[in-house]
Amino acid sequence: MHSDASTVRPAERGEFTRRAFENGRMDLTSVEGLADLISAETALQRKQALRQLGGEMRDLLEGWRAEIKSCLAHAEAVIDFGDDVDDDAFEAIVPRVSDLLMKMKGHLNDGHRGEIVRGGARVAIVGQPNAGKSTLLNALAQRPAAIVSPQAGTTRDVVEVHLDLNGLAVVVSDTAGLRQDTADPIEIEGMKRARQAASNADITILVHDASQGGMETAIESISMDRRGSENDMETGTHANIICVANKIDLIPDSFESKTTVRDIPIFSTSLVNNDGLSELTTHLENLLKVRLEGSGGVGKDGERSSKAQGSIPVITRARHRHHMTLAVEALSVFMEGRTGDNPSLYLPMDIATEELRIAAKEIGSITGIIHVEEVLDVVFSEFCIGK
Ligand SMILES: Nc1nc2c(ncn2[C@@H]2O[C@H](COP(=O)(O)OP(=O)(O)OP(=O)(O)O)[C@@H](O)[C@H]2O)c(=O)[nH]1
Ligand SMILES: [Mg+2]
Numbered sequence: 001m002h003s004d005a006s007t008v009r010p011a012e013r014g015e016f017t018r019r020a021f022e023n024g025r026m027d028l029t030s031v032e033g034l035a036d037l038i039s040a041e042t043a044l045q046r047k048q049a050l051r052q053l054g055g056e057m058r059d060l061l062e063g064w065r066a067e068i069k070s071c072l073a074h075a076e077a078v079i080d081f082g083d084d085v086d087d088d089a090f091e092a093i094v095p096r097v098s099d100l101l102m103k104m105k106g107h108l109n110d111g112h113r114g115e116i117v118r119g120g121a122r123v124a125i126v127g128q129p130n131a132g133k134s135t136l137l138n139a140l141a142q143r144p145a146a147i148v149s150p151q152a153g154t155t156r157d158v159v160e161v162h163l164d165l166n167g168l169a170v171v172v173s174d175t176a177g178l179r180q181d182t183a184d185p186i187e188i189e190g191m192k193r194a195r196q197a198a199s200n201a202d203i204t205i206l207v208h209d210a211s212q213g214g215m216e217t218a219i220e221s222i223s224m225d226r227r228g229s230e231n232d233m234e235t236g237t238h239a240n241i242i243c244v245a246n247k248i249d250l251i252p253d254s255f256e257s258k259t260t261v262r263d264i265p266i267f268s269t270s271l272v273n274n275d276g277l278s279e280l281t282t283h284l285e286n287l288l289k290v291r292l293e294g295s296g297g298v299g300k301d302g303e304r305s306s307k308a309q310g311s312i313p314v315i316t317r318a319r320h321r322h323h324m325t326l327a328v329e330a331l332s333v334f335m336e337g338r339t340g341d342n343p344s345l346y347l348p349m350d351i352a353t354e355e356l357r358i359a360a361k362e363i364g365s366i367t368g369i370i371h372v373e374e375v376l377d378v379v380f381s382e383f384c385i386g387k
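Heads up: the sequence shown begins at 1 in our numbering, then just goes up one per residue.
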């Protein structure tokens with residue numbers, strides 16, 4: 001049967017999902033979960049997207065918002081009947097807000113796990129020229145993604161490869177070799193980009209030519225470079241560096257290589273022969289799993305030092321982090337304004353209450369659920385009782 005062309009049209013992008021949102025059948029986090037599920041490339045990304053699509057994040061955020069609104073209702077009642085009740089009635093909500101603030105801060109302080117799972121963990125390969133960095137990238141990618149040559153200074157720009165490392169999305173960057181004695185402006189720019197890639201990375205792999213010596217100096221300098229990067233502040237610098245002592249085929253068998261320097265694990269490899277590669281990838285996998293599942297450190301043999309907490313990575317986008325940070329800021333202002341030894345310095349109740357309203361609004365912006373009654377509450381709250 002032919003349909004009447006005047007009554008049908010092709011659907012717009014995301015039209016059916018948008019309708020589901022507008023009809024209140026999905027909140028924004030579930031919509032984002034669905035989008036993430038469609039573009040998921042790894043098992044962990046699918047798992048995370050499914051949880052978000054299923055409403056885990058919405059339930060948590062709605063729970064928080066309900067608690068803030070309940071505190072808000074209490075605060076407003078105290079303010080409305082101000083002459084008959086004392087400050088103690090208002091103070092009853094302080095421990096509740098404090099409790100909520102702690103929970104929300106805990107979620108913000110999640111090591112960016114959800115965002116890393118969604119966008120892929122960033123691994124940067126750095127080291128001196130000719131050490132075998134591009135050889136390592138190609139071995140990990142299992143294809144000749146970067147040019148390998150005996151000439152030092154072959155890689156000039158950052159070469160990125162997206163990998164599925166046993167279910168984890170990883171973006172590996174091969175970079176230009178780092179050396180002091182060059183005046184070539186292109187090489188200098190390449191090194192600048194290499195350092196940038198290393199400081200933005202979740203994990204840095206330092207590749208060193210073991211037949212050349214000087215590995216400890218190279219490790220020192222890379223751990224200095226990483227100091228101060230945001231990721232390291234959360235996890236500790238050394239946990240994010242792996243050192244590869246490459247070209248062990250060129251050194252005598254009797255040579256005893258170190259297995260760690262300043263707590264940084266060293267993996268001896270001969271990348272041209274694929275020697276030591278599987279130990280290195282297993283360690284990398286374990287290190288990423290630990291970071292993404294939020295458990296403790298990992299030893300060189302890949303053993304976990306504490307059990308995975310398996311907590312929900314709630315924040316999966318910068319958008320969530322932005323609104324949640326603003327909500328936390330508002331609740332912090334409330335707490336600072338209503339606690340301390342000197343009640344005469346406390347924020348007036350109505351000003352402190354406004355912070356609760358801001359926090360509820362910010363949480364509501366994440367889920368996109370703002371009920372019409374809430375808008376009406378604001379409009380009618382301007383009237384006196386009975387009017
Ligand atoms: N003998 C030996 N040679 C290796 C090994 N790994 C890599 N090479 C060789 O070392 C040379 C340099 O390798 P690349 O991977 O291009 O080195 P790179 O670190 O990317 O070098 P730049 O891009 O110049 O900074 C190539 O000729 C490789 O074949 C190894 O384990 N043993
Ligand atoms: Mg290279």
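Glycine included, C-beta positions come from ideal geometry on N, C-alpha and C.
Beta-carbon separation (whole angstroms), residue 127 vs residue 245, contact threshold 8 Å: About 11 Å separates the two Cβ atoms, so there is no contact after all.
query: Considering only the beta carbon of each residue, do residue 156 and residue 190 sit closer than 7 Å?
result: Remark: C-beta atoms of residue 156 and residue 190 approach each other more closely than 7 Å.
query: Under three-state DSSP, which class holds residue 265?
result: Reduced to three states, the DSSP call for residue 265 is strand.
- request: Alpha carbon to alpha carbon, how far is residue 69 from residue 292? Give it in angstroms, no decimals.
  value: The alpha-carbon atoms of residue 292 and residue 69 are separated by roughly 33 Å.
- prompt: Helix or strand or just coil, what does DSSP make of residue 273?
  reply: Residue 273 sits in a helix when the DSSP states are folded into three classes.
- request: Note down, in chain order, each residue of its chain lying with its Cβ closer than 7 Å to the Cβ of residue 64, except the 5 sequence neighbours on either side.
  value: Closer than 7 Å at Cβ, skipping near neighbours: 100, 104 and 363.
message: Going by DSSP in three states, residue 225 sits in which element: helix, strand or coil?
response: In the structure shown, residue 225 sits in a helix (DSSP, three-state: H, G or I).
query: Would you say the beta carbon of residue 133 comes nearer than 6 Å to a heavy atom of ligand 2?
result: Residue 133 Cβ: within cutoff of ligand 2.
query: Helix, strand or coil: which one does DSSP assign to residue 299?
result: Residue confidence for residue 299 is low, a pLDDT of 40 falling below 50, so the modelled location carries little weight and cannot support an answer.
query: Where does residue 291 sit, in a helix, a strand or coil, going by DSSP?
result: DSSP, read as helix, strand or coil, puts residue 291 in helix.
Reference residue 198, options 343, 224 and 286, closest by Cα: Selected option, being the one with the closest Cα: 224.
message: Can you determine whether any heavy atom of ligand 2 sits closer than 6 Å to the C-beta of residue 154, and answer yes or no?
response: A heavy atom of ligand 2 is found nearer than 6 Å to the CB of residue 154.
- prompt: Using DSSP with H/G/I as helix, E/B as strand and the rest coil, what is residue 163?
  reply: Reduced to three states, the DSSP call for residue 163 is strand.
- request: For residue 272, verify whether its CB is less than 6 Å away from any heavy atom of ligand 1.
  value: Placement of the Cβ of residue 272 at a distance of less than 6 Å from at least one heavy atom of ligand 1 is found.
query: Is residue 49 near residue 33, with beta carbons less than 7 Å apart?
result: Cβ distance < 7 Å, so residue 49 and residue 33 count as in contact.
query: Mind checking residue 262: buried by the 16 CB within 10 Å criterion, or exposed?
result: Residue 262 is exposed by the Cβ-count criterion.
Ordered list of alpha helix (DSSP H) runs contained in the region 56-120, each at least 4 residues: DSSP assignment within the region 56-120 yields the following whole alpha helix (DSSP H) runs of 4 residues or more, N-terminal first: 56-80, 87-91, 94-108 and 113-119.
query: In angstroms, rounded to a whole number, what distance separates the CA positions of residue 111 and residue 6?
result: In a straight line, the C-alpha of residue 111 is about 53 Å away from that of residue 6.
field: Three-way DSSP call (helix, strand, coil) for residue 149 in this model
entry: Secondary structure at residue 149: coil, using DSSP grouped into helix, strand and coil.
query: Since residue 244 is in the beta strand (DSSP E), which residue starts that stretch and which ends it?
result: Unbroken beta strand (DSSP E) run through residue 244: 241-246.
message: Taking the beta carbon of residue 61 as the centre, do at least 16 other beta carbons fall within 10 Å, making it buried, or is it exposed?
response: Its Cβ being crowded by 16 or more others within 10 Å, residue 61 is buried.
query: With a CB to CB cut of under 8 Å and the five nearest residues on each side skipped, what residues in its chain are close to residue 59?
result: Correct list: empty, nothing qualifies.
- request: Would you please state the rounded distance, in angstroms, between the beta carbons of residue 159 and residue 173? I believe it to be under 8 Å.
  value: Indeed, because the Cβ distance is near 7 Å, the residues count as touching under 8 Å.
message: Based on DSSP bridge pairs, tell me the residues matched to residue 328.
response: In DSSP, residue 328 forms no bridge with anything.
- prompt: Thinking C-alpha only, which one of 46, 102 and 143 is nearest residue 119?
  reply: Measuring from the Cα of residue 119, the nearest candidate turns out to be 46.
- prompt: Just reading off the alpha helix (DSSP H) that residue 199 is part of, what are its end residues?
  reply: From DSSP, the alpha helix (DSSP H) with residue 199 extends over 185-200.
- prompt: Does any C-beta atom of chain B lie closer than 7 Å to the C-beta of residue 279?
  reply: The structure shown contains no chain B; it is built from a single protein chain.
field: Backbone secondary structure at residue 173 - three-state DSSP
entry: The DSSP-derived three-state label of residue 173 is strand.
- request: Kindly indicate the opening and closing residues of the beta strand (DSSP E) around residue 207.
  value: Run containing residue 207: 203-209, per the beta strand (DSSP E) assignment.
query: Should the region 260-275 be regarded as contacting the region 173-186, the criterion being three or more beta carbon pairs within less than 8 Å?
result: Contact between the region 260-275 and the region 173-186 is absent: fewer than three C-beta pairs spanning the two stretches fall below 8 Å.
field: Exposure of residue 113, with buried meaning 16 or more beta-carbon neighbours within 10 Å
entry: Flag for residue 113 reads buried.
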